[in-house]
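Below you'll find the structure, written out as structure tokens, and then a few comments.
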């Protein structure tokens, strides 16, 4: 009988070894899946993991990796702060949507004015939109003790309806022949979140994601607030005795994660997506939760996890179109990767032991 | 406005059918959460159940076998979650989300040959003369077997949690796994069983969509029902009876929304004021009933709000606007939030160990 | 900007490389918004793709990518296909409009075809179908067949295409049955079987005995089948599995002739950018078999109308017609111009309720 024994300290070796191991296991299991679907497993795995980085068209895919990873990292960084403190915002998708609406709205309000302040204003509006949307669960939890998991989740659906309302009503492009969707911000220069350095995929959102990573790292490692967050998560009662104002922490954590999610939405709508449309959101807010955990709630880990996630998306799409794999197979493959990543984590916190007695 | 074309009896019958999938899934999740486990993978298990049930029903010609297969399929998928969270001690939120992703993909793969296929019909049970009873006949005695299974399950789960020894152990495990462990209960075993039960229920709920309510197979056809089931559990503050109530409310609002549109109903603007007034009165009543003190500031706020509500109603008397579809579609979620807030006044709260990882050495 | 230049040169290099191969194989790509298995919109586009494969055999290779979200991901998916050497790419959803044009700007040698949009470029064509012609025939059958005089309509989003369909159906239903009433439910989705089933049930419970749908799943058909005495029409796809009742006819999107035609043009090297809006005549809109549940005389009238529309003798929007508010729209004998139809945002006289804004 195998037995798990709690390690006093997470094993440094396994913390580094576990993720590559998980990727390796996924490649084997995924290869079997692809083989079962009648595809060459080696080709498929290479298309997903190798080609986007070093293949023939890597010059196009590498920047795309950053574009795809940026919103995931930005949102996940915000979420990880709350998760560490035991504050569960799983409605980042809603905050992302609202940030996009307010951000785009602020820009479109000035159409067709050409002024330098429009883009900075949109950044503020996007962050504020996400922040306010996250304040709803924050206030309800602080004031009434209402479960923030559910409130934030419910607000995702409300935000989706709001998005449809905006795409069909207030923000609808007056020159769009009655079709839903706003004006394309890519075609409105002062509001366009263009690439900072051409050809690299680095737009302002990518920059913001990197800044957020550094900011979160410093916060957690050096600042008293970071200490309070960690303490509250590990020992809520001790934190209260230590004088941590939990209510204030709820506001800070939810507010920060909301603002970052809102920012991500704003950068996305003003840049890569271009317009508010009914189907604008594609689940970044939910995927970011997985990214946050894959990164072990550590800023650098999240950075890597975000890039890995982006790689499976981009490589997966490439495999779909060049090898004609069904989209569902890629979804299953991603699911497997997550399962294995989560499962091997056990190795860094626990030691496997053979024993004769049965564990609980 | 003309609401005469909406028949309340027919409406109620529709609500019962529309609420069955989320009712089944929510009951399963309720038991899971009562055991202290938060499984966010309900959507993935539902859709897997939907395709398993559909495929077996089509191949065997028996909807009943289909439902059995759906339960088995959902349970099998939930075992993955159990393996991850109970043995590999992975984080439950992340594992649940991964399960949903995996389930959606898997079901689409399994279902590739079943698009456009018609399943064998799920017939209504024959209650003989009971079906012809004036109101009750249509509301209660005109449905298929699964509706009654779901209703029976409500009673079963309620009774199990409340009266049985096993239910007591399950609740103990959910409240404090360390204490339960100290008492000699097999925490992991109890939780795995609960997770598997939750998976089976979610699978049944999914199959009810693909075999009875819609009935057909299409990718992603559960369209968020699993998430609503999760909301229902909290809405019901982890009580089986309230899950039923919540499912009807959810089903009711979504069905009523469509009915109001079809009837061309208009929204009386003044009702917003009346609702505000009623909410103030309800709050006041609640506070008095609880014999609590009201601070001066609260009194002023309450008074001003109530007055503003009444004034608004008077001002907008007789003004109607068309229902806005988006706002109607938002309403079930907004109502859930309101109810969640009201429920948080209540003493009942989440199981103590909900979502926390258990390991015997801790 | 050097991105386009790099991409272009890559594309050129590829174009040159594949030019040698292209003698034997032309690569045609398809970008789908939904899964191939949706049984409606995307399913029919994929049928068109399969028809291209069958028609050209080894001369053409087709590739597709399904469930591509609109927006950022669409642009990448299209670029990817162009990079991989596609000569012709069909993007089959309105939301792919701007991404298609963006990518087209970077790959001047690749031809693009965007469905249901209105922006073109030297290497971007648009194509769409005049579904309203089929709606007119449905309206006629519905007006004749209804006993309750209540017709239920499941509408997706309040956009011109859907409003056009409602108007066309209503005009022709009222023409044969002045007492007709339309009950419209906006479901705000193109595809959500459970919601569509609920909408159909709600309409039936409120007395509708004909259900028209502008959503893509067959769920309303099943709901009608359970209710008995209700008839429906297939949408996008034939939905023949519900014939002869409740499905009495259907509008089928038949993209195959167009796809074959355009692929041939690319092979022949005479592809040109153009805007196509075809209806029953060229076969882009097909009327599925009218079943025997429809009385013979009604069926004959419907088929006659189909012939007249196909031949160009009859336009479904022919005056005199008024708008809902009573103002004049089309004078006696006047037909609607395409500009008005493409941007249609009003109901015709007699319809109740408001278009959601």
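Protein chains in written order, with our numbering: chain A, 2 to 361; chain B, 78 to 439; chain C, 141 to 497.
Ideal Cβ placement from N, Cα and C applies to all residues, glycine included.
In this structure, the beta-carbon distance from residue 289(A) to residue 77(A) falls below 8 Å.
Residues of chain B whose Cβ lies closer than 7 Å to the Cβ of residue 358(C) are, in chain order, 293.
DSSP, reduced to helix, strand and coil, places residue 45(A) within a helical segment of the structure shown. Contact of residue 185(A) with chain C by beta-carbon distance below 7 Å involves 238. Note that the C-beta distance between residue 433(B) and residue 118(B) is not below 8 Å. For residue 166(C), the enclosing beta strand (DSSP E) covers residues 166-171. For the region 316-344 of chain B, the set of positions with a beta-carbon nearer than 8 Å to some beta-carbon of chain C reads 331, 332, 335, 336, 338, 339, 340, 341 in chain order. The beta carbon of residue 248(C) does not come within 8 Å of any beta carbon belonging to chain A, so the residue lies off that interface.
In this model, residue 471(C) and residue 301(C) are separated by some 23 Å (Cα to Cα). Contact annotation: residue 251(A) and residue 139(A) have beta-carbon atoms nearer than 8 Å.
At least one CB atom of chain C sits nearer than 8 Å to the CB of residue 281(A). Annotation: Cβ neighbours of residue 362(C) in chain B (cutoff 7 Å, chain order): 291, 292, 293. By the 16-neighbour rule on beta-carbons within 10 angstroms, residue 118(A) is exposed. Along the region 210-222 of chain C, the positions whose C-beta sits under 9 Å from a C-beta of chain A are 210, 211, 212, 213, 215, 216, 217, 219, 220, 221, read in chain order. Classified as buried, residue 290(B) has 16 or more neighbouring CB atoms from the shown chains inside 10 Å of its CB. Collapsing the DSSP output to three states places residue 254(B) in a helix. Classified as exposed, residue 397(B) has fewer than 16 neighbouring CB atoms from the shown chains inside 10 Å of its CB. Contact check for residue 147(A) and residue 287(B): beta-carbon distance about 34 Å, past the 8 Å limit, so the pair fails to qualify. A straight line joining the alpha-carbon of residue 187(C) with that of residue 395(C) spans about 8 Å. When only Cα atoms are considered, residue 272(B) and residue 159(B) end up about 7 Å apart. Contacts with chain B (Cβ-Cβ distance below 7 Å) from the region 165-177 of chain A involve 165, 166, listed in chain order. For residue 416(C), the enclosing beta strand (DSSP E) covers residues 415-418.
Following the DSSP letters along the chain, one finds residue 255(C) inside the beta strand (DSSP E) bounded by residues 251-255.
Those residues of the region 360-384 of chain C placed with their C-beta closer than 7 Å to a C-beta in chain B are 362, 381, ordered along the chain. Proximity of chain A to residue 206(C) at the Cβ level (cut-off 8 Å) is accounted for by 321, 327, 328, in chain order. Bounds of any beta strand (DSSP E) do not take in residue 57(A), whose DSSP letter is neither H nor E. If you keep only unbroken alpha helix (DSSP H) runs of at least 4 residues inside the region 84-143 of chain B, you get 85-111, 119-137. Judged by beta-carbon spacing, residue 296(B) lies beyond the 8 Å limit of residue 193(B), meaning their Cβ atoms are not closer than that value. Taking 3 residues as the shortest admissible run, the region 274-323 of chain B contains no complete beta strand (DSSP E) segment at all. If you keep only unbroken alpha helix (DSSP H) runs of at least 4 residues inside the region 128-178 of chain A, you get 149-169. Contact between residue 32(A) and residue 20(A) does not hold, since their C-beta atoms are separated by about 18 Å, which reaches or exceeds 8 Å. In the DSSP annotation of this structure, the continuous segment of the beta strand (DSSP E) that includes residue 323(C) starts and ends at 321-326. Residue pairing by DSSP places residue 291(C) opposite 322(C), 350(C) in a beta bridge.
Against chain A, a Cβ distance below 9 Å from residue 252(B) picks out nothing, because the smallest value is about 17 Å. Ranked by how close their Cα comes to the Cα of residue 361(B), the residues 377(B), 156(B), 129(B) have 377(B) in first place.
According to DSSP, residue 261(C) shares a beta bridge with 264(C).
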